[in-house]
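In what follows, a structure is listed as structure tokens, so that the remarks can point back to it.
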Amino acid sequence: MHEIALSPQEFELFRSYIYERVGIALSPQKTTLIKGRLNKRLHALGLSSFGAYYDYLVADTSGEELATFVSAISTNVTSFFRESAQWKWLESYMPQLVAAKTTKKLRIWSAGCSSGEEPYTILMFLQKMLHDFEAWDIKILATDISHKVLKHAMQGVYEPKQVEGLPASIIEGAFEKKLNAQGHYQISQALRQKVLFRHFNLVTDPFILNKPFDMIFCRNVMIYFDEPTRHDLIGRFTSILPKGAPLFLGSSESLTSHRESLKLLGSSIYQRL
Ligand SMILES: C[S@@+](CC[C@H](N)C(=O)[O-])C[C@H]1O[C@@H](n2cnc3c(N)ncnc32)[C@H](O)[C@@H]1O
């Protein structure tokens, strides 16, 4: 398979399109990465130049090729109970949250949910923390730019190695029996029904969300965004978070703006002031 070259002019087309559509700021040093990661895709599509691929990308109004491009240059890596310090913090926050509630209703957004481990972890956690879990009206909104990961997330099927390190009580409460000869596990239907998976581009889609969230998770999503894009997104999260509610970022992410409306509580957890 011969390698298709990527000229500086072609790189510039991708750079400006990807920045505008996804907020990812590609520096010229990423030329080799794009060329390397996308060559296979061009061959699969039967295209002989990056210019032709650019036309294909822009013409695809479904956004699916954009998601393929983003997946090729970034990562969908995730896992159950990722960022353990944050779950520890949530344990101590839950009594306060429950006491402040006037109805048994919880609304949580997992923004950039990848293949579903994050929203399902939220439910596993709540199952453990709320003695009357069944009595609560719980809905998790789980969104991602990639249709591919959303499809996986909706099925909720995971490999044994992803599941078997979890405590037995969690496995028993959250998963159906092993599905097949490979021993895959599936999230129980009761839990899957509590998650609303939606395709959503955090950079370009409007936040038409009129119900307030009790908390928002946007972890390890903004790593590729530049500062103005991060600033804008955090501002929009802030505008829909009620006072006192937490915003969870990835452990390598921190805020450099919005300090007047978000207070750092530790472990990349911010509280709406
Ligand atoms: C590394 S994963 C993080 C998954 C999970 N939040 C976690 O921390 O384990 C990043 C996810 O963000 C999604 N993503 C990247 N840019 C996005 C955008 N502009 N809008 C929505 N999702 C985006 C990717 O498709 C990917 O699934």
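The opening position of the sequence shown corresponds to residue 106 in the numbering used here, with each subsequent residue numbered one higher.
Here a beta-carbon is modelled for each residue, glycine too, at the ideal position from N, C-alpha and C.
Within this structure, are the beta carbons of phenylalanine 302 and leucine 255 separated by less than 7 Å? Yes; because the gap between Cβ atoms is below 7 Å, this pair is in contact.
Ranges of the alpha helix (DSSP H) found wholly within the region 233-291, counting only runs of at least 4: Counting only runs of 4 or more, we get 252-260, 265-268 and 273-279.
Looking only at C-alpha atoms, which of Lys210, Gly156 and Ser215 sits nearest to threonine 183? With distances taken between Cα atoms, threonine 183 lies closest to Ser215.
Please report the residue range of the beta strand (DSSP E) in which arginine 303 lies. Taken as a continuous stretch (DSSP letters only), the beta strand (DSSP E) holding arginine 303 covers 300-304.
Alpha carbon of tyrosine 122 to alpha carbon of lysine 145, nearest angstrom: The alpha-carbon atoms of tyrosine 122 and lysine 145 are separated by roughly 21 Å.
In the DSSP assignment, the alpha helix (DSSP H) including phenylalanine 119 goes from what residue to what residue? From DSSP, the alpha helix (DSSP H) with phenylalanine 119 extends over 113-127.
With distances taken between CB atoms, is the gap from glutamate 188 to serine 356 smaller than 7 Å? Using a Cβ distance threshold of 7 Å, glutamate 188 and serine 356 count as a contacting pair.
Taking 6 Å as the cut-off, does the CB of glycine 217 come closer than this to any heavy atom belonging to ligand 1? Checking every heavy atom of ligand 1 against the Cβ of glycine 217, one is found closer than 6 Å.
Does the contact criterion of 3 or more C-beta pairs under 8 Å hold for the region 214-229 versus the region 278-293? Yes, the region 214-229 touches the region 278-293.
Restricting to runs no shorter than 4 residues, where is the alpha helix (DSSP H) found entirely within the region 327-360? With a minimum length of 4 residues, the continuous alpha helix (DSSP H) runs that stay inside the region 327-360 are 332-345.
Using only CA atoms, which one of Phe230, Gly156, Asp337 and His148 lies nearest to serine 274? For the residues Phe230, Gly156, Asp337 and His148, the minimum Cα distance to serine 274 belongs to Phe230.
Could you say if the region 246-264 and the region 347-365 meet the contact criterion of at least three C-beta pairs nearer than 8 Å? The region 246-264 makes no contact with the region 347-365, as fewer than three CB pairs between them are under 8 Å.
With DSSP as the reference, label methionine 106 as helix, strand or coil. Three-state DSSP puts methionine 106 in coil, outside helix and strand.
Tell me whether isoleucine 313 sits in a helix, a strand or coil according to DSSP, three-state version. Coil.
So is isoleucine 313 buried or exposed if we call it buried at 16+ other beta carbons inside 10 Å? Burial call: exposed.
Could you name the residues of the same chain whose beta carbon sits closer than 6 Å to that of alanine 157, not counting the 5 residues immediately before and after it, in chain order? Scanning its chain for C-beta atoms nearer than 6 Å, with the 5 sequence neighbours on each side dropped, one finds no residue around alanine 157.
Would you say the beta carbon of aspartate 337 comes nearer than 6 Å to a heavy atom of ligand 1? Not one heavy atom of ligand 1 falls within 6 Å of the beta-carbon of aspartate 337.
At what residues does the alpha helix (DSSP H) containing lysine 140 begin and finish? Where lysine 140 is concerned, the enclosing alpha helix (DSSP H) stretches over 136-150.
Same chain, Cβ closer than 8 Å to arginine 159, five either side skipped, listed in chain order: What sits at residue 159 in the sequence shown is tyrosine, not arginine. Apart from the 5 residues on each side of it in sequence, tyrosine 159 sits with its Cβ closer than 8 Å to the Cβ of Glu115, Leu118, Phe119 and Tyr122 in its chain, given in chain order.
Taking the CB atoms as reference points, tell me whether lysine 348 and arginine 324 lie closer together than 7 Å. Not a contact, by the Cβ cut-off of 7 Å.
Cβ-Cβ distance between glycine 128 and phenylalanine 330 below 7 Å: Yes; because the gap between Cβ atoms is below 7 Å, this pair is in contact.
Going by DSSP in three states, alanine 130 sits in which element: helix, strand or coil? It is coil, neither helix nor strand.
Spatial neighbours of asparagine 306 within its chain, please: CB distance less than 6 Å, with the 5 preceding and 5 following residues excluded, ordered by chain position. Excluding sequence neighbours, asparagine 306 sits near Ile250.
Can you tell me whether arginine 187 is helix, strand or coil according to DSSP? Three-state DSSP puts arginine 187 in coil, outside helix and strand.
Does the Cβ of aspartate 249 lie closer than 6 Å to at least one heavy atom of ligand 1? Yes, the beta carbon of aspartate 249 sits closer than 6 Å to at least one heavy atom of ligand 1.
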